[in-house]
Amino acid sequence: MADEKDLKTNHEKFIAFLKDDKKSSSTILAYGKDVYQLIEFAGEKKISQVGSITAELIEEFKSYLQEKNYTPKSVSRKLNSIKTFFRFLITQKIIDTDPATAVTHPKYEIKPPRILSKMEYRALRDACRNDHRMAAIIELLLQSGIRIGELARLELDDIKEKGIEINPFESHEKRTIPLNNAARKAID
């Protein structure tokens, strides 16, 4: 019988919970890897039980990530995953206290997305000029704000008069993306 306090067993339960909770596949993958990275770090210190994880160990893990040159934003995301894992353990009554609560996130600057220069924009369009499919893909990405995952699932039947109908998938709801003239011309 599996030990209910075992880190790896609870990691598997956490992944199953995320799937049942209809989290996106990228969220499940990221949270799973982030928590597993902590579990491996703890394992190197001969810790295999959830109750043996302390705030100090998580702080040590945070320092380890920083020493390995992870960006502050990446460290913060990993800490979010770990905090979510421990909140899950609390709700499942596996542990009584959350060691991640006291752990603070590293500070980082949130920068707005960089906008392509006119030269970069033209170069990107010119690079795919002779490939109509690729040109349509690039133009949709540049003109519409469509997500890459949405674009990958796009079918010709999804293109309507009013725009592109994006069908619901994973945790995303159905939505319609309006098309400007440049995007419409690229897909016609």
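For the sequence shown, the residue numbers in the numbering used here are 406 to 593. We put the CB at the ideal spot given by N, CA and C, even for glycine. It should be emphasised that the depicted structure is a prediction, and the values quoted were computed from it without experimental measurement.
L484 and V508 do touch by the CB rule: their CB atoms are close to 6 Å apart, below 8 Å.
Taken atom to atom, the span from the alpha-carbon of D501 to that of I495 is near 6 Å.
The beta carbon of Y526 sits closer than 8 Å to the beta carbons of L547 from its chain, once the five residues preceding and following it are set aside; these are given in chain order. Rounded to the nearest angstrom, the gap between the Cα atoms of N572 and K451 is 47 Å. The beta carbon of A587 lies closer than 7 Å to those of E544, Q548 in the same chain, with the five residues before and after it left out. Of the other Cβ atoms in all chains shown, 16 or more fall within 10 Å of the Cβ of L412; this residue is therefore buried.
When C-beta atoms of the segment 469-476 are compared with those of the segment 515-525, fewer than three pairs fall below 8 Å, so the two segments do not count as touching. When DSSP states are grouped into helix, strand and coil, H416 belongs to the helix group. Comparing alpha-carbon positions, the option among T432, T581, I463, I433 lying closest to L443 turns out to be I463. Counting only runs that start and end inside the segment 412-489, the alpha helix (DSSP H) elements of at least 4 residues fall at 412-425, 430-449, 460-472. Note that the C-beta distance between I582 and I551 is below 7 Å. The Cβ atoms of I458 and P504 lie closer than 7 Å to each other.
By the criterion of a C-beta distance shorter than 8 Å, L529 is surrounded in its chain by L521, I543, L547, once the five residues flanking it on both sides are discounted.
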